[in-house]
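Asks: Take a look at this one; I'll ask things after.
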Amino acid sequence: MGLDKPYLDIPGTTIFDTDQAALGYHLNMFAMSLKDAENRELFAADQDAYLDKWPMTEDQKQAVRDRDFNRILELGGNIYYCAKIGATDGLNYVQIVSSMTENDAEAHRQMMIDGGRSPEGNRYLHEWADGDPAARKERGEH
Amino acid sequence: MAQITASVYSSHVPLIGVAIDKGMTQEEYFKPLFDGYEPGRDWAAANTPDVVILVFNDHANAFGLDIVPTFALGMSETFEPADEGWGARPVPTVVGHPTLAAHIAHSVIQDDFDLTLVNNIPVDHGCTVPLSVMYDQPEAWPCKVIPLFINVVQYPIPSGRRCLELGKAIRRAVDSFDEDLNVQIWGTGGMSHQLQGQRAGLINAEWDNAFFDRMVNDPEDLANMEHVEYVREGGSEGIELVMWLVARGAMSDLAGGAPPTEVHRHYHVPASNTAAGQLILEDNS
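Protein chains in written order, with our numbering: chain A, 147 to 288; chain B, 11 to 295.
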């Protein structure tokens, strides 16, 4: 019998549980290494050489090269670990976080000033059956 | 005798620390947030404790995935501010209280909470931002600090009930420490926010404000809230709010005393991606 994971029914959200942590151990420990300034310099100087020091999957390395944070989380990354990749790029949390959404950093910042993303329509997977906010935005809906 | 005299509940958003460190608190974006902190700072200046037990979570700066303790108590004489990827914050070293920490460890572990005991460990924004919120930019922090790290990053994390009960055990421990010490306990993190996925940026002011009310008036019931409700209603990182229950559990009304007195409450959206909240309760034992 599987474990009870009621959080799988929340859209646009990846809960970092022990299964995700098992997938992402090397990915996260790579990201955590960037808390040290000398490692940030090494990574910035030669990204591929630095990534090759870690036994990550090719998909994980590509997600890092692409700075595709949604894909990074899907492959076992945790946001607090992997935000250090963004820190190494000189990004702040609003820039990192907005890259996962339908908004650019400025639009995201304004959304936060206007009170943030409402929980209405964003609580259950079935509420996104017609697409996530990026798909809806593309169709010109809110 | 040592005594827990108050509990403080505070967000620990990194950007709040940046604003203080860089002198940006009077800028248009930050001013309403910091104006709301003024009464808390006045209270803090008039009620400086000997020791703060500061409940927070590490954000991949002290612990990695090699060791994931559910509850870890800082035993050291000092704790240095961590470099989290952007360089360490220019804030004073956090000075611990090893004898009280040792007493709490002895008492709480015998009270069936399996604390991990840690030395020589850095503290990140989770610990230093609440100190800056209350004490601004001093040469040295005005009190000793015992860091209590709670895992809220890798699930399963402790339940609200477990956090509340841990707070009660900490109160029993402090009550039995012989030295005369004025002790506060601070629960930090939250309020609603989500830093990940297509749902990032979620804020739920209605839920946050109900959380404040329940924290003050009915923490025993609030402790029954399931993790999934925190995440669904308050965002994936809103789960940090379970740590507030540790501080609330240490108030004497939950051990048969009178209800605490609410001194101050402040709520502001946004601080970066987060709803910032603050609550101060004075104990009435």
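Even for Gly, the Cβ is constructed at its ideal location relative to N, Cα and C.
Return the CA-CA distance between D329/A and F73/B, expressed in angstroms with no decimal places.
Replies: Nothing in the structure corresponds to residue 329/A, since chain A is present only between 147 and 288.
Asks: Provide the residue(s) that pair with S17/B in DSSP beta bridges, ordered along the chain.
Replies: Position 7 of the second sequence, counted from the first residue, corresponds to residue 17/B. In the DSSP output, where bridge partners are listed per residue, S17/B has I195/B and L291/B.
Asks: When DSSP labels each residue in this structure, what does L212/B get in the three-state scheme?
Replies: Here the question's residue 212/B lines up with position 202 in the second sequence. In the structure shown, L212/B sits in a strand (DSSP, three-state: E or B).
Asks: Using the three-state DSSP reduction, which class does A265/B fall into: helix, strand or coil?
Replies: The residue labelled residue 265/B in the question sits at position 255 within the second sequence. Note: A265/B maps to helix in three-state DSSP.
Asks: Closer than 8 Å, CB to CB, is S86/B near chain A or not?
Replies: One-based indexing of the second sequence puts residue 86/B at position 76. Not one chain A Cβ lies under 8 Å of S86/B.
Asks: Determine the burial state of S186/B: buried for a count of at least 16 other Cβ atoms within 10 Å of its Cβ, exposed for fewer.
Replies: On the second sequence, position 176 is the one that residue 186/B refers to. Exposed is the call here.
Asks: By the 10 Å Cβ neighbour count, where 16 or more other Cβ atoms means buried, how is H135/B classified, buried or exposed?
Replies: As a working note, residue 135/B is residue 125 in the second sequence. The residue is buried, with at least 16 neighbouring Cβ atoms inside 10 Å.
Asks: If A167/A and L75/B are in contact, beta carbons under 8 Å, what's the gap, nearest whole angstrom?
Replies: Along the first sequence, one-based indexing puts residue 167/A at 21. Along the second sequence, one-based indexing puts residue 75/B at 65. So it is a contact: roughly 6 Å between Cβ atoms.
Asks: Decide if G148/A is buried, meaning its Cβ has at least 16 other Cβ atoms within 10 Å, or exposed.
Replies: To locate residue 148/A, count along the first sequence from 1; it is residue 2. That one is exposed.
Asks: Given 8 Å as the limit, is there contact between the segment 193-201 of chain B and the segment 250-263 of chain B, that is, 3 or more CB pairs closer than that?
Replies: They touch, by the three-pair rule.
Asks: Let me know the secondary structure DSSP gives L237/A once reduced to three states.
Replies: Against the first sequence, residue 237/A aligns to sequence position 91. Coil, per DSSP.
Asks: Taking DSSP as the reference, what is the three-state secondary structure of G94/B?
Replies: Here residue 94/B refers to the residue found at position 84 of the second sequence. In the sequence as presented, Gly is not what sits at residue 94/B; that position holds Glu. Coil, per DSSP.
Asks: Roughly how many angstroms lie between the CA atoms of K199/A and A177/A, to the nearest whole one?
Replies: As a position in the first sequence, residue 199/A is number 53, starting the count at 1. As a position in the first sequence, residue 177/A is number 31, starting the count at 1. When rounded, the distance between both Cα atoms is 12 Å.
Asks: Report the residue from F222/B, D122/B and K154/B whose alpha carbon sits nearest the alpha carbon of I180/B.
Replies: Numbered from its first residue, the second sequence carries residue 180/B at position 170. Closest by alpha carbon: D122/B.
Asks: Roughly how many angstroms lie between the CA atoms of Y153/A and I161/A, to the nearest whole one?
Replies: Against the first sequence, residue 153/A aligns to sequence position 7. Against the first sequence, residue 161/A aligns to sequence position 15. One C-alpha to the other measures close to 7 Å.
Asks: Report yes if the CB atom of T159/A is closer than 8 Å to the CB atom of R209/B, and no otherwise.
Replies: As a working mapping, residue 159/A is identified with position 13 in the first sequence. As a working mapping, residue 209/B is identified with position 199 in the second sequence. Their beta carbons are under 8 Å apart, which means T159/A touches R209/B by this criterion.
Asks: Specify whether the segment 142-160 of chain B and the segment 96-111 of chain B touch according to this definition: at least 3 beta carbon pairs, one from each stretch, less than 8 Å apart.
Replies: Yes, since at least three Cβ pairs between the segment 142-160 of chain B and the segment 96-111 of chain B fall closer than 8 Å, the two stretches touch.
Asks: Return the Cβ separation of I63/B and A281/B in integer angstroms, given the expectation that the two are a contact with Cβ distance under 8 Å.
Replies: Start at 1 with the first residue of the second sequence, and residue 63/B comes out as number 53. Start at 1 with the first residue of the second sequence, and residue 281/B comes out as number 271. With 8 Å as the limit, I63/B and A281/B do not qualify as a contact, their Cβ atoms being about 24 Å apart.
Asks: Where does A209/A land, buried or exposed, given buried means 16+ other C-beta within 10 angstroms?
Replies: Locating residue 209/A in the first sequence gives position 63, counting from the first residue. A209/A comes out buried.
Asks: Which of the residues in the segment 191-217 of chain A, read from start to end, lie with their CB under 9 Å from any CB of chain B?
Replies: Of all residues in the segment 191-217 of chain A, F215 and N216 have a Cβ within less than 9 Å of some Cβ in chain B.
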